[in-house]
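Converting from the sequence shown to my numbering requires adding 127 to each position, the first position being numbered 1. Quick reminder that beta carbons are idealized off the backbone N, C-alpha and C, glycines included.
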Amino acid sequence: LSWFSGPPLMEHLETVDVEVGVDLEHFRMPVQMVQRPNLDFRGFAGTVSSGVIRPGDEVISLPSGVSSVVDRIVTYDGDLDVAGPGRAITITLADEIDISRGDLLVKKGSKPLRSHDIDAMIVWMSESEMEPGRQYLLQSANGLSNADITSIRHRVDVNTMDKQAASSLQLNDIAFCSLSSDRELLFDTYSENRHTGSFILVDRLTNATVAAGMITGAASGWDRAPETTLTRQISEITAGERSIRFGQQPCTVLLTGLTAAGKSTLATALERELFDRGKVSIRLDGENVRMGISRDLGFTAQERSENLRRVSEVARLANNQGIIAIAALVAPNHDVRQRSRDLIGDGFVEIFVDTPIEVCRERDPSGLYEAADRGEIPLFPGVSATYERPADADLRVDTSVQSVDECVSEILRLLGERGFLRG
128 LSWFSGPPLM
138 EHLETVDVEV
148 GVDLEHFRMP
158 VQMVQRPNLD
168 FRGFAGTVSS
178 GVIRPGDEVI
188 SLPSGVSSVV
198 DRIVTYDGDL
208 DVAGPGRAIT
218 ITLADEIDIS
228 RGDLLVKKGS
238 KPLRSHDIDA
248 MIVWMSESEM
258 EPGRQYLLQS
268 ANGLSNADIT
278 SIRHRVDVNT
288 MDKQAASSLQ
298 LNDIAFCSLS
308 SDRELLFDTY
318 SENRHTGSFI
328 LVDRLTNATV
338 AAGMITGAAS
348 GWDRAPETTL
358 TRQISEITAG
368 ERSIRFGQQP
378 CTVLLTGLTA
388 AGKSTLATAL
398 ERELFDRGKV
408 SIRLDGENVR
418 MGISRDLGFT
428 AQERSENLRR
438 VSEVARLANN
448 QGIIAIAALV
458 APNHDVRQRS
468 RDLIGDGFVE
478 IFVDTPIEVC
488 RERDPSGLYE
498 AADRGEIPLF
508 PGVSATYERP
518 ADADLRVDTS
528 VQSVDECVSE
538 ILRLLGERGF
548 LRG
């Protein structure tokens, strides 16, 4: 290899800094043992996965949610003033609270994700074929649970990195899968915390490790089937009867665009114009939704996807009652918007509020763009995360050059042309 002048691979592997990316902010400590040698001492032993802890810090025990204050950090060599990642310690608390092996100690304000259903990249390590639906033991940082692989989203070709459809996995296959556990899992994404974001699958009969996984987030609700015991209830009022009563055909109008593009302003004006025309509509504003049905969601890609799924389901229920739904959301991901379109069907109307980011920055009343520039808001579309511009929106408007009335008029014209404004 006379053409190669770089260092040997082995030298790189031996000198690579394995501590890069250690999280010192979000404290996580899975409880591995409860120590009670006598009536005067009760400690919780474990290894700090991430973050730092000091006496006096408030911690929360999950899944119970009970909190207390750290009294001492005990080690074989004596008490510590501070403990960080990789340190084996025993924590004593100021209060007598019920904590068991497998519980997770975290700091207030930095809780992990919680779900029975997760998405993960897994590598299959068994010569026995993986079959979706078969139950395995899932061993993670916070204990053991029964779990099954509910679906294989795609397999990865390791040579080309292409995504391939798959119904099962063979030895050394790598795939993106959805899993369901009978016990609520406490976890972070693997990219944020490799200790609380990883797991192994164990064969229940042989106790052999058959797979290792890296969690990408809570499983998408788009692909989760309803419980088989549920039956959809059909209304005795037909769609035709509702159309005659309301003088309209139901549809869902999704206004998507950057923060401060004018989505909420247009949604409010459109709602008013429809009302003045005698139409029946419901406005699903992103901020209002996050104060209610999505108050438990953050702003990761997975949580934004789940937010749009919930809004889409509400919009579909409204459409089934003959009502026009108006949703104003950033909705930055093209594939997720397509999932919404697929869910709603022919009544889906996508409006791209294509206001230039420079104008959005000038309008921003809360200083969100400036905060994102400073790194205070991660995953902010247009700054620290991608906003995927719709290439096939049903209508494009620009509030920097068009008035609100002009934009609303264009939306109404489109709805009229498609027959949604007549009974």
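Contact between A388 and T482 holds: their C-beta atoms lie close to 4 Å from each other, under 8 Å.
Exposed is the label assigned to A215, since fewer than 16 other Cβ atoms lie within 10 Å of its Cβ.
In the three-state scheme derived from DSSP, where H, G and I count as helix and E and B as strand, D500 is classed as helix. Burial check for V158: the Cβ neighbour count within 10 Å reaches 16 or more, so the residue is buried. Unbroken alpha helix (DSSP H) stretches of 4 residues or longer found wholly inside the region 349-374: 366-373, given in chain order. Per DSSP, the continuous alpha helix (DSSP H) segment holding V438 begins and ends at 428-447.
Of the residues assessed, G205 falls on the exposed side of the cut-off, its CB having fewer than 16 other CB atoms within 10 angstroms.
Out of L151, D150, P134, the CA that lies nearest to the CA of V143 is found in P134. Of I226, S176, P164, L151, the smallest CA-CA separation from I187 is found for I226. The C-beta separation of L522 from I538 comes to about 6 Å, placing the pair in contact by the 8 Å criterion. In the structure shown, I327 falls within a strand segment according to DSSP collapsed to helix, strand and coil. Contact between Y263 and V337 holds: CB atoms are separated by about 7 Å, below the 8 Å threshold.
From the listed residues P239, F326, S237, V531, the smallest Cα separation to K390 is found for V531. According to the DSSP secondary-structure assignment, V201 is paired through a beta bridge with T217. Shortest Cα-Cα distance from S295 to any of E258, T323, T287, C304 involves E258. Secondary structure note for S467: its alpha helix (DSSP H) is the uninterrupted segment 461-471. Under the DSSP definition of a beta bridge, M341 partners with M248, S325. In terms of CA proximity to S195, V233 leads the group L397, T383, V233. Of the other Cβ atoms in all chains shown, 16 or more fall within 10 Å of the Cβ of Q375; this residue is therefore buried. Taking C-alpha positions only, D315 is separated from V457 by approximately 24 Å. The C-beta of A221 has fewer than 16 other C-beta atoms within 10 Å across all chains shown, which makes the residue exposed. When N334, V476, S347 are compared, the shortest CA-CA separation from T383 is found for V476. At the C-beta level, T219 and V201 come within 9 Å of one another. The closest CA to that of A268, considering only E138, L385, G340, A499, is found on G340. Around the beta carbon of Q429, 16 or more other beta carbons sit within 10 angstroms, so the residue counts as buried. V285 counts as exposed, since fewer than 16 other beta carbons sit within 10 angstroms of its beta carbon. Shown here for D246: same chain residues with a beta carbon closer than 6 Å to its own, the five before and five after excluded, namely S305, T343, G344, A346 in chain order. The alpha carbon of F171 has as its nearest neighbour, out of M160, D208, G178, R331, the alpha carbon of M160. Within the same chain, Cβ atoms closer than 6 Å to the Cβ of A455 are found at L382, K390, S391, A394, D412, G413, the five residues on either side in sequence being excluded. Listed in chain order, the beta strand (DSSP E) runs fully inside the region 272-332 are 301-314, 325-329, counting runs of at least 3 residues. For E258, the three-state secondary structure derived from DSSP is coil.
For G270, the CB contacts under 7 Å within the same chain, skipping 5 residues up- and downstream, are G229 in chain order. Rounded to the nearest whole angstrom, the C-alpha separation of A335 and M252 is 10 Å. Sixteen is the threshold: when 16 or more other Cβ atoms of the shown chains lie within 10 Å of the Cβ of V438, as they do, the residue is buried. Comparing C-alpha distances from P239 to each of G546, R490, S421, E311 shows the shortest one belongs to E311.
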